[in-house]
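Q: One structure, as structure tokens, below. Some questions next.
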Amino acid sequence: MLFTPVMELRVDGDGKCYTGVLCGLGWNPTTGAPILPEHDIELTFDVQFTAEDIVEINILRAAMNKLVWDGPDGSKHLWPERSAQLQDSAQQKLLGLFCQSKPGEKIVPKWHEKPYEWNQVDPKLVMEQADREGGRRGGSLYQLHKLTVLSS
Numbered sequence: 003m004l005f006t007p008v009m010e011l012r013v014d015g016d017g018k019c020y021t022g023v024l025c026g027l028g029w030n031p032t033t034g035a036p037i038l039p040e041h042d043i044e045l046t047f048d049v050q051f052t053a054e055d056i057v058e059i060n061i062l063r064a065a066m067n068k069l070v071w072d073g074p075d076g077s078k079h080l081w082p083e084r085s086a087q088l089q090d091s092a093q094q095k096l097l098g099l100f101c102q103s104k105p106g107e108k109i110v111p112k113w114h115e116k117p118y119e120w121n122q123v124d125p126k127l128v129m130e131q132a133d134r135e136g137g138r139r140g141g142s143l144y145q146l147h148k149l150t151v152l153s154s
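Adding 2 to a residue's 1-based position in the sequence shown gives its number in this note's numbering.
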């Protein structure tokens, strides 16, 4: 989930918890066909994932974007001190993500009823995450993942 170009969260039948994720290049909105389906990966979760976990992944993706993409000239114009700061920040975020003091609660893995099929989430339940810095001119290496809103 950290390095995948696109992911689509899977939820249980009640929409109350995340059960897994489809990772890959996504799907073509015009044709509805997956882009390079042979490279898609469907995963089920065996620990409880929360929206906060996805936000943390997005924070790390944004930190990596800042490190490798800072305008059309990339990181080559960063001062060595600034580059070291950004690397340290990304490292701390990565360690924080993997070394959480309280691991997720174990759950029984549940496969999605339509594995490997994209566009299974009601668009009204999809929430974009904005880059706090207003995005990058010209693009970024890692787009921020969209959240699927859970019901209470």
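Just so it is clear, CB atoms sit at the ideal spot from N, CA and C, and this is done for glycine as well. No experiment lies behind these values; they were computed from the predicted model shown.
1. From the DSSP output, which residues share a beta bridge with residue 1?
2. In terms of residues, what are the limits of the beta strand (DSSP E) holding residue 66?
3. Can you confirm whether residue 4, when its beta carbon is compared against all beta carbons of chain D, has any partner nearer than 7 Å?
4. Which residues in the same chain as residue 128 place their Cβ atom closer than 7 Å to its Cβ, once the five residues preceding and following it in sequence are excluded?
5. Of the residues 59, 126, 94, which one's Cα is nearest the Cα of residue 1?
6. Taking buried to mean at least 16 other C-beta atoms within 10 Å of its own C-beta, is residue 114 buried or exposed?
7. Quick check: the Cα distance between residue 50 and residue 16, rounded to an integer number of angstroms?
8. Can you tell me which of the three DSSP states residue 36 falls into?
9. CB residue 118 to CB residue 42, shorter than 7 Å?
10. Name the two residues that bound the continuous alpha helix (DSSP H) containing residue 83.
11. So residue 92 packs on residue 65, CB below 8 Å; how close in whole Å?
A: Answer, in terms of the structure:
1. It is not possible to answer for residue 1, since the shown part of the chain is limited to 3 through 154.
2. From DSSP, residue 66 is part of no beta strand (DSSP E) but of the alpha helix (DSSP H) over 53-70.
3. Structure shown: chain D not included; a single protein chain is present.
4. 148, 150
5. With the chain covering 3 to 154 only, the question about residue 1 has no answer from this structure.
6. buried
7. About 15 Å.
8. strand
9. It is a contact, given that the beta carbons lie within the stated cut-off.
10. 82-100
11. Rounded, the Cβ-Cβ distance is 4 Å, consistent with contact.
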